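A.B. asks: Under this note's numbering, the residues of the sequence shown are numbered 227 to 312, in order. My questions will all concern the structure given below.
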Amino acid sequence: MSFSKIATFLVLGGLFAPAFADDSPATSTPVETYTYQTKLDIHKVLAVTDISDHCGPIPVQMTYEDSKGQRHVIEYQAMGTACSNG
Numbered sequence: 227m228s229f230s231k232i233a234t235f236l237v238l239g240g241l242f243a244p245a246f247a248d249d250s251p252a253t254s255t256p257v258e259t260y261t262y263q264t265k266l267d268i269h270k271v272l273a274v275t276d277i278s279d280h281c282g283p284i285p286v287q288m289t290y291e292d293s294k295g296q297r298h299v300i301e302y303q304a305m306g307t308a309c310s311n312g
């Protein structure tokens, strides 16, 4: 492969790289801690931490969109489901 072909490949690759970039915003969504006073507006749940391999209370994060399309991450305590009763 000649130098000019390699240079052309690198230039074109650099031009099209933004098309394949992640759509997520540059800043991450801050994690809110749930309390009983927290007002929730959950329109669509996007992700929840898997708790199937834990036993006992663990912190769980839920990512959701509100009715205005804003993304939120909330953290709360949940009981893991891997506890055995025997």
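Note that CB positions come from ideal geometry on N, CA and C, so glycine has one too. None of the values given here were measured: they were computed from a predicted structure.
So, at 7 Å on beta carbons, what are the nonlocal neighbours of residue 246 in its own chain, with the 5 sequence-adjacent residues on each side left out?
C.D. replies: Taking the first residue of the sequence shown as position 1, residue 246 is located at position 20. With a pLDDT of 48 at residue 246, under the threshold of 50, the modelled position of that residue is not reliable, and the figure given next carries that caveat. No residues qualify anywhere along the chain.
A.B. asks: Could you tell me which of 291, 304 and 305 sits nearest to residue 328, measuring between CA atoms?
C.D. replies: Residue 328 cannot be examined here, being either before or after the span of the chain that is shown, 227 to 312.
A.B. asks: Would you check if the distance between the CB atom of residue 301 and the CB atom of residue 264 is smaller than 7 Å?
C.D. replies: Indexing the sequence shown from 1 puts residue 301 at position 75. Indexing the sequence shown from 1 puts residue 264 at position 38. For residue 301 and residue 264, no; Cβs fall outside 7 Å.
A.B. asks: To the nearest angstrom, how far is it from the Cα of residue 289 to the Cα of residue 311?
C.D. replies: Taking the sequence shown and counting its residues from 1, one reaches residue 289 at position 63. Taking the sequence shown and counting its residues from 1, one reaches residue 311 at position 85. For residue 289 and residue 311, the distance between alpha carbons rounds to 31 Å.
A.B. asks: Whole angstroms are fine: how far does the CA of residue 274 sit from the CA of residue 257?
C.D. replies: Position 31 of the sequence shown, counted from the start, is the residue given in the question as residue 257. Position 48 of the sequence shown, counted from the start, is the residue given in the question as residue 274. Going from the Cα of residue 257 to the Cα of residue 274 covers about 13 Å.
A.B. asks: Which residue's Cα is closest to the Cα of residue 268: 287, 297 and 303?
C.D. replies: By one-based count along the sequence shown, residue 268 stands at place 42. Considering only alpha carbons, the answer is 297.
A.B. asks: For a test of the three-state rule: what should DSSP assign to residue 282, helix, strand or coil?
C.D. replies: Walking along the sequence shown from the start, residue 282 turns up at place 56. Strand at residue 282.
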